[in-house]
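Under this note's numbering, the letters of the sequence shown match residues 101 to 410, in that order.
This report concerns only the one structure given below.
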Amino acid sequence: MSDISSLNRKLSYNLVALHAFDLVARHGNFTGAAEALGLTQSAVSQKIKGLETELGIALFRREHRGVSLTNEGVRLLNVVRPAMTQMGNSVSALMERKSRPRVRISADFAFCSFWLLPQLSHLRAELGDEIEIQILAAQVPPEDYGEDCDIKIHVAPRNSMVKGDVMLLQERVAAVSSPSYLAAHGGISSSAQLLDAQLLSLSKPASAEWQTWQGWFDALGISGERSRNYISFNNYDMVVQSAVSGDGIALGWLGLIDRVLQNGSLVQVTGDVVGSDAGYIMSRDYSSQLRGPSLVFDWIAAHSPVPVLQ
């Protein structure tokens, strides 16, 4: 038998014995440990004797009313107990996940803040507490499913969609600001005037597909020297908060910021709305047989933010 095979057999045997050792130390006797393990007192005693023989040390002092740890036993327990606790917690978490499915949703910061989080209580109310929802906010989607996520909701062009994907919200973008900003800077009669305004911008990673100020002006056929008055953020929630505070004019994704427009915190600056063939596309791994992702996917699809433009 190879040294590795011998070591594996010893580890397999001793892991059970170490668990028994931990329980005997907790209970202070073999009887309590035997009840916890569902074994006889004699079987537990034999496991401890075997462990002591293997290690070549005495772990317990056998006393009239129970057992107490030797100095060597205390040292071993200081190593074994944290490991046993960690293993027990990990196994419990896995068993809980099996009985209470977990669904991880990867979505960009804007969709999380302005649509997904406000809808979360409704989703949980309808699907019940048996499904654990985890939201992973990211500017760009993860490459794969599995441990990273079960459902992806990110901006992408329509031609990237595959069978089963759902377009939740097609991109329609307008210039928005707070009423106080417009009052302080005078009326704006055309989008071309925005070239000279203080603009609030969302930083765009190279792989991102969402609209930018430059693309917005280009779509409207507005030419001329681009504004250099940009304040840039890496999070759309901060862009919107800055606009609400009166710092400048932002691009507003209609369907996401409707609540902010409805309560009057932001207003549309001009009548121009730029649409595109991109939008928030929701996808999931159809090879997975788990029921949780399917239920959450279908619920979100049924509660799409706004009708998709045809």
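Cβ coordinates follow ideal geometry from the N, Cα and C atoms, glycine included.
Proximal residues to residue i (C-beta, below 6 Å), its chain only, five neighbours per side dropped
i	result
Gly392	Pro201, Val203 and Ile231
Tyr281	Gly346
His127	Ala133
Ser168	Arg161
Ser145	Phe130
Val339	Leu300, Leu302, Phe333 and Ala350
Leu177	Ala125
Ala136	Leu123
Own chain residues within Cβ distance below 7 Å of residue i, not counting five before or after
i	result
Thr140	Ala134
Leu390	Pro201
Glu309	Val255, Ala256, Pro257 and Ala378
Ile157	Glu172
Trp399	Leu223, Glu226 and Leu227
Leu320	Ser291, Asp372 and Val374
Val180	Leu118, Phe121 and Asp122
Thr170	Ala158, Leu159, Phe160 and Arg161
Trp85	Nothing about residue 85 can be reported from this structure: the residues present for the chain run from 101 to 410 only.
Gly287	none
Trp316	Val273, Leu351 and Val374
Exposure of residue i, with buried meaning 16 or more beta-carbon neighbours within 10 Å
i	result
Gln239	buried
Ala120	buried
Met382	buried
His254	buried
Arg359	exposed
Gly138	exposed
Asp318	exposed
Ser206	buried
Gln362	exposed
Pro411	The shown model of the chain, from 101 to 410, leaves out residue 411, and the question about it has no answer.
Ser213	buried
Pro241	buried
Gln311	buried
Arg384	buried
Val174	exposed
Leu216	buried
Val369	buried
Val276	buried
Gly188	exposed
Ser102	Interpretation of Ser102 is limited by its pLDDT of 49, a score under 50 that renders its predicted location unreliable; the figure taken from the coordinates is listed afterwards. Result: exposed.
CB-CB length for residue i against residue j, believed under 8 Å
i	j	result
Ile322	Ala292	5 Å
Ala284	Gly352	Actually they do not touch by this definition, with Cβ atoms about 19 Å apart.
Cys249	Leu236	6 Å
Ser93	Ile331	Here the chain covers residues 101 to 410 and nothing more, so residue 93 does not appear.
Pro405	Gly355	4 Å
Tyr336	Phe209	6 Å
Ser303	Asn334	5 Å
Glu154	Asn114	7 Å
Gln219	His403	6 Å
Val266	Ala401	5 Å
Sequence-distant residues of its chain with Cβ nearer than 8 Å to residue i (five each side left out)
i	result
Ile148	Ala117, Ala120, Phe121, Val124, Phe130, Leu159 and Phe160
Ile104	Confidence in Ile104 is poor, its pLDDT being 44 and thus under 50, which makes the residue's placement too unreliable to answer from.
Leu409	Unreliable positioning characterises Leu409 in this predicted model, as indicated by a pLDDT of 44, which lies under 50. The coordinate reading is nonetheless provided below. So the list reads Gln270, Arg272 and Gly375, once near-sequence residues are dropped.
Ser278	Ala343, Val344, Ser345, Gly346, Ser365, Leu366 and Val367
Asn42	A query on residue 42 cannot be resolved here, the shown segment of the chain reaching from 101 to 410 and no further.
Val396	Val203, Ile205, Leu223, Leu227, Ile231, Ile233, Asp250 and Ile251
Gly264	Ser383, Arg384 and Tyr386
Ser260	Ile381
Val191	none
Those residues which DSSP pairs with residue i across a bridge
i	result
Phe333	Leu302
The ligand NAD heavy atom lying under 8 Å from the CB of residue i
i	result
Asp250	Because no ligand of any kind appears in the structure shown, any question about the ligand NAD cannot be addressed here.
C-beta neighbour in chain C for residue i, strict 9 Å
i	result
Leu320	Here chain C cannot be found, since the structure has a single protein chain.
Within the stretch 150-221, ranges of the beta strand (DSSP E) (whole runs, at least 3 residues) = 160-163, 166-169 and 202-207
Taking the runs of the beta strand (DSSP E) that are 3 residues or longer, which of them lie wholly in the stretch 229-283?
-> 232-237, 251-257 and 266-277
Quick one: which unbroken beta strand (DSSP E) runs of 3-plus residues sit fully inside the stretch 363-393? Chain order, please.
-> As far as the stretch 363-393 is concerned, its whole beta strand (DSSP E) runs of at least 3 residues are 367-384.
Continuous alpha helix (DSSP H) assignments of at least 4 residues falling wholly in the stretch 337-366 = 358-362
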